[in-house]
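The listed protein sequences derive, respectively, from chains A and B. Following the working numbering, the numbering of the first sequence begins with 1 at its first residue and continues without gaps. Following the working numbering, the numbering of the second sequence begins with 1001 at its first residue and continues without gaps. Every residue, glycine too, gets a C-beta built ideally from N, C-alpha and C. Please read the structure below before turning to the comments.
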Amino acid sequence: MLMRRFGRPGLIGLAARTAVVAGTATAVAGGMRRAQYNRAQGDAAVQQEQIRDEVAAQTAPPPAPAAAGAPDFMGELNQLAQLHSSGVLSDDEFAAAKAKLLG
Amino acid sequence: MGALTHGPVDLVLVEMSGEVSSAAVVEAFAPVIGSDVLRLLDFVLLSRDESGEVVAVEVEELEDGDVIADLEVFEPGLVTAEDITELTGDLPVGASALLFAIEHVWARELGDLLESAGGVVLTETRIPAHVVSAALSE
C-alpha cells in the first residue's frame, strides 16, 4: 500500500466523530431515524468551525501514552467535555458519565 | 474563496466476481469521472488472499498501457489503511474488489455558497439506485 495510507486517522471514523460533535449524528434503530439538531449550534460558521477543530484534534499527533495499565482519564474526560459542550450530552448525563469515569 | 478545498466523497467498493474484468469496470466509470461534476480522487485494487490478509495493488504498481494504470487519480492515498480494513471486513478469502473514492466536485462550490448564506446541511441520505427505480416503477 502507499505510505500515505498510514499514519492518518481513517476518513470513515472522522466522518462519524465530526457528525457527533456538530450535533448532526443520527441513529437508526429499529427502522426509526432520529436527527439531532441543537438550535444553539445552528449557526453555520460555528458548526463548520467545530468540525474543523474536531478533525484537527483527531489528526494531531497522539499525546505521550499513559503509564502501562493506567486508563486514559484525560483523553476520555476531554471527549466527554466535547460531547457536553456540543450538546450531545445533557448536564445530567455529563455529570453521570464523569462520575462513572472517575469512579 | 470559501473554506472548502474539496467536495464530499463517496467510497465505492465494487465486487469483482466471476468473469467480470477490472478493466471493464474501470471503463464503465471512465465517462463520468475526471470532469467538473465528479472526479476520481483515489483508487485501489483489493483482494483477500488465502492467509486471510487484505492485499492492495496500487495504480502506480501497474504496467503502463493497462487501462487502470492510465487512470487519472487526483489524491492517491486519501483512503487510509484503517478505512480499507473497515470496508473489506466482509470480503471473503479469494475474493477481490475495486475501491473508488469519487469526489462530488459540483458540491464543493455549493458548500461554500451554503456556508456563506448561513445554511446548514442537517442530514444527507443516499437511497440506492435500485430502491428508487423499484419505488418509481410501482
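Are residue i and residue j touching if we call contact CB-CB under 8 Å?
| i | j | result |
| --- | --- | --- |
| Val-1079 (chain B) | Arg-52 (chain A) | no |
| Ser-1026 (chain B) | Ile-1068 (chain B) | Just to set this straight, residue 1026 (chain B) is Val in the shown sequence, not Ser. A contact, by the Cβ cut-off of 8 Å. |
| Ala-1056 (chain B) | Ile-1084 (chain B) | yes |
| Glu-1103 (chain B) | Leu-1038 (chain B) | yes |
| Val-1163 (chain B) | Val-1073 (chain B) | Since the first residue shown for chain B is 1001 and the last is 1138, residue 1163 (chain B) is missing from the structure and cannot be characterised. |
| Leu-1091 (chain B) | Val-1054 (chain B) | yes |
| Phe-94 (chain A) | Leu-77 (chain A) | no |
Is DSSP giving residue i helix, strand or coil here?
| i | result |
| --- | --- |
| Val-28 (chain A) | Confidence at Val-28 (chain A) is low in this model, with a pLDDT of 42, below 50, so its placement is unreliable and the value that follows should be read with caution. It is a strand residue. |
| Glu-1072 (chain B) | coil |
| Phe-1029 (chain B) | helix |
| Met-3 (chain A) | helix |
| His-84 (chain A) | helix |
| Glu-76 (chain A) | helix |
| Val-1059 (chain B) | helix |
| Glu-1115 (chain B) | helix |
| Arg-1039 (chain B) | strand |
Restricting to Cα atoms, I'd like to know which of the options is closest to residue i.
| i | options | result |
| --- | --- | --- |
| Leu-1004 (chain B) | B:Arg-1108, B:Thr-1085 and B:Ala-1134 | B:Arg-1108 |
| Val-1020 (chain B) | B:Val-1121, B:Ser-1035, B:Leu-1098 and B:Glu-1075 | B:Leu-1098 |
| Pro-9 (chain A) | B:Ala-1129, B:Leu-1110, B:Leu-1040 and B:Ala-1081 | B:Ala-1081 |
| Ala-1095 (chain B) | B:Ser-1022, B:His-1006, B:Gly-1007 and B:Ala-1134 | B:Ser-1022 |
| Leu-1011 (chain B) | B:Glu-1086, B:Thr-1123 and B:Leu-1114 | B:Glu-1086 |
| Thr-1123 (chain B) | A:Ala-15, A:Lys-98 and A:Glu-76 | A:Ala-15 |
| Gly-1077 (chain B) | B:Phe-1043, B:Gly-1089 and B:Phe-1029 | B:Phe-1043 |
| Ala-1030 (chain B) | B:Ser-1017, B:Asp-1070 and B:Gly-1018 | B:Asp-1070 |
For residue i, which residues from the same chain have a beta carbon less than 6 Å from its beta carbon, with the 5 sequence-adjacent residues on both sides left out?
| i | result |
| --- | --- |
| Ala-1129 (chain B) | none |
| Leu-102 (chain A) | none |
Which residues in the same chain have their Cβ closer than 7 Å to the Cβ of residue i, if we skip the five residues on either side of it in sequence?
| i | result |
| --- | --- |
| Pro-954 (chain B) | Outside the modelled stretch of chain B, which goes from 1001 to 1138, sits residue 954 (chain B), for which no answer is possible. |
| Thr-59 (chain A) | Arg-8 and Pro-9 |
| Asp-1049 (chain B) | Val-1055 |
| His-1006 (chain B) | Glu-1103 and Arg-1108 |
Any heavy atom of the ligand HEM closer than 7 Å to the CB of residue i?
| i | result |
| --- | --- |
| Ile-1033 (chain B) | This structure lacks the ligand HEM, and indeed carries no ligand of any kind. |
Leaving out five residues on either side along the sequence, give the residues of the same chain with a beta carbon under 8 Å from the beta carbon of residue i.
| i | result |
| --- | --- |
| Ser-1035 (chain B) | Val-1105 |
(request) Output, in sequence order along the chain, the residues in the stretch 69-98 of chain A whose CB is closer than 8 Å to any CB in chain B. (result) none
(message) Please identify, using Cβ separations under 8 Å, the residues of the stretch 6-20 of chain A that lie next to chain B, in order along the chain.
(response) Phe-6, Arg-8, Pro-9, Gly-10, Leu-11, Ile-12 and Gly-13
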